[in-house]
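Using my numbering, you'd call the opening residue of the sequence shown number 6 and step up by one each time.
Don't be surprised by glycine CBs; every beta carbon is placed ideally from N, CA and C.
Being a predicted model, the structure only gives us computed values, none of them experimental.
One structure is given below, encoded as structure tokens.
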Amino acid sequence: MPRRTHYRPPTQFSVMPPVIKNLLVLNGLFFIAQFLAAETLASSSILAYVLDLMPLYPPGTAGPDFWPWQLISYAFLHGSFGHLLFNMFALWMFGVQVENRWGSQRFVFFYFACVIGAALTHLAFVSSPVPTVGASGGVYGILLAFGMMFPNQPIYIWFLFPIKAKWLVIGFGALELYSAVTGTQAGVANFAHLGGMVVGFLLIQYWRGKFPVQPDRPMRW
């Protein structure tokens, strides 16, 4: 009797894997909703009311109330079209290879873990009542993952100057740390960016089996 074999065809690389595609669509739709609420609808509309509950507000300040869902919902809002465009381009640019390598389930868990970690880090270090919005915390986590998984892959700055991914990640991390400590970038949630990177690093190290408590099947990449 012939031996049974289980053939698994090679996974096809996708330039628009499902999680990234859905995140791009959702962020775009929420930005359109923000525009409609601000420009064409009354501030008392239901849409405006719902959107006002989504930014991340520090608890205990004079501003609007903090709600637990804001640890995730803030990442679907953006302050400007440029803010949205930069985050979504970076998410696609660095996230495509990561999601193709990990699969969608691990990728979406990692992304939102970084989003939540970024929010908690921001709340721990920043007490300003100014609301926080943007997917940058998750994007910085994805950038960190890309640099750890593909450290020597060249990234072209302004499409002209190549730099290895690991040095790009280190450079961004150092810049965010400097800006967070000195406060030189007013209006930028630098601690959130750092929080996304730190949570991403810890998760990857856990999945690689680098901690005393290890996953059932450590991953090797």
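With contacts defined by Cβ atoms closer than 8 angstroms, residue 82 and residue 98 do not form a contacting pair. With 16 or more neighbouring CB atoms inside 10 Å of its own CB, residue 195 falls in the buried class. In the three-state scheme derived from DSSP, where H, G and I count as helix and E and B as strand, residue 86 is classed as helix. Comparing alpha-carbon positions, the option among 186, 189 and 152 lying closest to residue 176 turns out to be 152. In the three-state scheme derived from DSSP, where H, G and I count as helix and E and B as strand, residue 166 is classed as strand. Membership of residue 57 in the alpha helix (DSSP H) is indicated by the continuous run 51 to 57. DSSP places residue 79 within a helical segment (H, G or I) once states are collapsed to three. Between residue 113 and residue 142, the CB-CB gap reaches or exceeds 8 angstroms.
Put simply, the backbone Cα of residue 87 is about 22 angstroms away from that of residue 188. Taking a contact as a CB-CB distance under 8 angstroms, the pair residue 149 and residue 202 counts as one, their CB atoms being some 5 angstroms apart. In this structure, residue 23 sits near residue 109, with a CB-CB distance shorter than 8 angstroms.
Residue 30 is classed as exposed because its beta carbon has fewer than 16 other beta carbons within 10 Å across all chains shown. Our two residues, residue 140 and residue 125, have alpha carbons roughly 14 angstroms apart in a direct line. Around the beta carbon of residue 54, a 10 Å sphere encloses fewer than 16 other beta carbons of the protein chains shown; the residue is thus reported as exposed. Per the coordinates, the alpha-carbon of residue 66 lies some 21 angstroms from the alpha-carbon of residue 80. DSSP places residue 62 outside any alpha helix (DSSP H), giving it a letter other than H or E.
By the criterion of a C-beta distance shorter than 8 angstroms, residue 210 is surrounded in its chain by 216, once the five residues flanking it on both sides are discounted.
With respect to residue 115, residue 208 sits close: the two C-beta atoms are nearer than 8 angstroms. Exposure of residue 161 is indicated by the presence of fewer than 16 other C-beta atoms within 10 angstroms of its C-beta.
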